[in-house]
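>
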Amino acid sequence: MNNVRVRFAPSPTGFFHIGSARTALFNWLYAKHTGGKFILRIEDTDKERNTEESLKVIKDGMRWLGMDWDEGPEVGGDYGPYYQSQRSDIYAQYLEMLRKKGRAYDKDGAVFFKVSGQKQVLHDAVYGDVEGFEEKDFPIFRSNGTPVFHFVNVVDDICMQITNVIRGQDHLTNTNKHLELFKAFEAPMPRFAHIPLILKGDGRGKMSKRDRGALVEEYRERNFLPEAVRNYLCMLGWNPKNDREIMDTSEIVELFDFPGIVKSNARFDERNMAHFNTVHLRALDGDRFCRLASAALSAAGIGVDCSDPYVRRALLLCQPKVTDMENFAPLASFFFDESYAFDAAAAEKVFRKGEPLKRLAELAELFAKLDKFDADSLHDALGALAESKGLKISEYFPILRYALSGLSSGPDLLPMLEVMGAERVKARVARALKEVESPSAREGA
RNA sequence: GUCCCUAUCGUCUAGCCCGGCCUAGGACAUUGGAUUUUCAUUCCAAGAACCGGGGUUCGAAUCCCCGUAGGGACGCCA
């Protein structure tokens with residue numbers, strides 16, 4: 052288990068598919084779990100596309116998900132180069148080896164590999180023993196002189212001394228070709244582990260790049276937490292067998308191993324993904340949450356400074372209620388904007404019953420003479436007010452919330468008042484009074 | 001068409017390898033309640049599954065076979 056070397060070998064296509072990300076993740080986890088090395092190798096054999104740009108998408112995505120590589124682009128290593136486009140000489144040497152053994156021949160300008168055609172058994176770490184064979188010779192160099200995937204993949208795995216090949220189950224039958232190649236080179240065989248595929252949330256077939264939620268960059272843009280995406284991805288096709296689901300990375304690293312990998316394909320579930328995100332968001336430490344929240348507000352045109360105590364207290368008040376950062380700004384911006392909007396739907400809810408206007412006036416009166424403005428004192432004062440009017444304290448809550456935020460829901464109300472402070476609250480109640488007195492305020496609903 | 005893989009609640013899964021402890025567990029989602037303070041929170045509860053058929057066995061979700069369904073591979077793509 053000590054000298055484990057695993058690799059992730061993406062082809063830069065311009066996007067980072069969630070299935071690829073999970074393959075990378077399983078490799079990375081296995082390396083971390085065993086104390087081995089994780090190698091990033093770029094399979095750019097016949098690319099005309101803007102490779103630099105495309106590669107950046109993958110590197111950025113990997114870093115965002117917290118997957119660092121021990122060898123590969125930018126970090127180097129003893130087994131380079133790590134771009135297949137720079138390994139032509141090596142491929143030529145290996146082709147020569149096959150020629151000498153009589154296992155390669157020319158046909159139609161291409162080079163073909165001569166298979167043994169013998170039955171072989173793959174000992175897969177996930178699927179167990181799988182029998183199969185490759186009956187047809189297959190091309191290893193195209194007529195344009197470039198090498199083919201099966202060939203470079205095996206040659207590189209040999210050169211880079213890869214001990215464990217962890218890849219998608221869609222390669223299961225390809226493995227016959229690879230087994231043939233390894234044997235022809237008389238190279239030590241890596242251990243294979245094929246992992247189940249991620250299927251579309253709805254519809255047929257595996258997740259494709261056009262499906263919602265299929266791309267890693269999409270999650271970053273939508274301000275998902277990387278640890279949440281990582282956590283959810285792990286739970287798709289793997290489980291620790293102890294009912295644990297929400298885990299931090301160190302716990303996953305400790306528990307991750309092949310026996311926990313499921314054999315059947317898993318359907319992607321957007322809502323479950325969102326749930327993981329929510330839980331991680333709420334568990335986030337205050338500093339990070341504030342940074343994230345202020346970034347979301349800035350993106351919505353509301354510049355706030357986390358080092359401002361008011362900002363920090365307001366944001367932290369929102370944290371236990373947050374579901375995602377995508378829709379965070381509209382729910383928290385009222386804290387920082389004295390011209391906050393009064394929501395029509397909220398107004399309808401609030402004004403449906405009782406005498407909200409009267410309550411609001413009573414509140415204004417109460418706040419005017421209040422000298423303490425902490426949540427507890429406010430609770431007592433509101434309780435006393437309600438009692439004097441023969442009402443329940445809850446009669447005052449919806450209208451007060453509406454007055455202060457223009458909304459019908461939000462953070463805990465009393466702490467919210469405390470954070471906002473007496474002056475701001477009074478000003479807002481006054482503003483709301485004016486707003487609801489004028490009929491125009493509620494038009495356009 | 002050929003070959004390969006898989007099959008437990010709507011979804012992700014535990015249990016299966018080493019048959020009895022399964023009245024089949026957890027999570028998401030759904031529905032319904034509760035919190036003498038609002039709610040987007042929290043808590044509680046409910047409904048919800050062993051694909052079908054044959055075996056083997058005293059006994060099968062668990063082992064075997066056949067169907068069926070789903071997925072994948074059959075490129076001078078990776």
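Okay, so the first sequence: first residue is 52 according to the numbering used here, each after it adds one.
Each residue gets a CB set at the ideal place from its N, CA and C atoms; glycine is no exception.
All of these numbers come straight from a predicted model, not from anything done at the bench.
#1: Is residue 126 buried or exposed, if buried means 16 or more other CB atoms sit within 10 Å of its CB?
#2: Determine, using beta-carbon pairs with one atom in the segment 367–381 and one in the segment 266–279, whether at least three such pairs fall under 8 Å.
#3: Pick from 90, 269, 329: whose alpha carbon is nearest that of residue 216?
#4: Between which two residues does the alpha helix (DSSP H) containing residue 207 stretch?
#5: Touch check for the segment 258–269 and the segment 207–215: three-plus C-beta pairs under 8 Å?
#6: So, at 6 Å on beta carbons, what are the nonlocal neighbours of residue 102 in its own chain, with the 5 sequence-adjacent residues on each side left out?
#7: From the DSSP secondary-structure annotation, give me the bridge partner or partners of residue 59.
#8: Which residues in the same chain as residue 132 place their Cβ atom closer than 8 Å to its Cβ, once the five residues preceding and following it in sequence are excluded?
#9: Using only the alpha-carbon positions, how far apart do residue 136 and residue 146 sit?
#10: In whole angstroms, what is the alpha-carbon distance linking residue 325 and residue 457?
#11: Do the segment 75–90 and the segment 280–298 make contact, defined as three or more Cβ pairs closer than 8 Å?
#12: Please report the straight-line C-alpha distance between residue 479 and residue 349, rounded to a whole angstrom.
#13: Pop quiz: residue 453 and residue 398 are said to be a contact at Cβ under 8 Å. What is the actual Cβ separation, rounded to whole angstroms?
#14: Give the straight-line distance between the Cα atoms of residue 240 and residue 55, rounded to the nearest whole angstrom.
#15: Between which two residues does the alpha helix (DSSP H) holding residue 241 run?
#16: What are the boundary residues of the beta strand (DSSP E) that residue 156 is part of?
#17: Please state whether the Cβ-Cβ distance between residue 472 and residue 424 is less than 8 Å.
#18: Quick one: is residue 114 buried, meaning 16 or more other Cβ sit within 10 Å of its Cβ, or exposed?
#19: In terms of residues, what are the limits of the alpha helix (DSSP H) holding residue 215?
#20: From the DSSP secondary-structure annotation, give me the bridge partner or partners of residue 410.
#21: Do residue 177 and residue 312 have their beta-carbon atoms positioned less than 8 Å apart in this structure?
#22: Identify, in the order they occur along the chain, each residue of the same chain with its Cβ nearer than 7 Å to the Cβ of residue 233, setting aside the five sequence neighbours on each side.
#23: Thinking C-alpha only, which one of 105, 292, 57, 121 is nearest residue 65?
#24: Identify every residue that forms a DSSP beta bridge with residue 122.
#25: What's the call for residue 450, buried or exposed, on a 16-neighbour Cβ count within 10 Å?
#26: Going by DSSP, what residues sit across from residue 134 in a beta bridge?
#27: Using C-beta distances below 7 Å, list every residue in its chain close to residue 447, excluding the 5 sequence neighbours before and after it, in chain order.
Walking through what the data contain:
#1: Within 10 angstroms of the beta-carbon of residue 126 lie fewer than 16 other beta-carbons, which makes it exposed.
#2: Contact between the segment 367–381 and the segment 266–279 is present, because at least three Cβ pairs lie under 8 Å.
#3: Comparing Cα positions, the closest option is 90.
#4: Membership of residue 207 in the alpha helix (DSSP H) is indicated by the continuous run 200–210.
#5: Contact fails: fewer than three Cβ-Cβ distances are below 8 Å.
#6: Closer than 6 Å at the Cβ level, and outside the excluded window around residue 102, lie 63, 95.
#7: Answer is 91.
#8: Counting only Cβ-Cβ distances below 8 Å, and skipping sequence neighbours, we find 138.
#9: When rounded, the separation of the alpha-carbon atoms in residue 136 and residue 146 is 16 Å.
#10: Looking at the two C-alpha atoms, the distance is approximately 27 Å.
#11: Flag = yes, the segment 75–90 and the segment 280–298 touch.
#12: Near 23 Å, if we compare the C-alpha coordinates of residue 349 and residue 479.
#13: At roughly 7 Å, the Cβ-Cβ gap stays under 8 Å, so residue 453 and residue 398 are in contact.
#14: Straight-line Cα distance between these residues: approximately 13 Å.
#15: Careful: residue 241 lies outside any alpha helix (DSSP H) and carries neither H nor E.
#16: Counting along the chain, the beta strand (DSSP E) containing residue 156 begins and ends at 155–158.
#17: Here residue 472 is near residue 424, since their CB atoms are less than 8 Å apart.
#18: So residue 114 ends up on the exposed side.
#19: First-last for residue 215: 215–219, but that is the beta strand (DSSP E), not the alpha helix (DSSP H).
#20: Paired residues: none, contrary to the question.
#21: Cβ atoms of residue 312 and residue 177: closer than 8 Å.
#22: Once the five neighbours on either side are set aside, the close Cβ partners of residue 233 are 205, 240.
#23: For the residues 105, 292, 57, 121, the minimum Cα distance to residue 65 belongs to 105.
#24: According to DSSP, which records beta bridges pairwise, residue 122 is partnered with 90.
#25: Burial is judged here by how many other beta carbons sit within 10 angstroms of a residue's own beta carbon; residue 450 has at least 16 and is buried.
#26: Bridge partners of residue 134: 93.
#27: Only 410, 414, 433, 437 meet the Cβ criterion.
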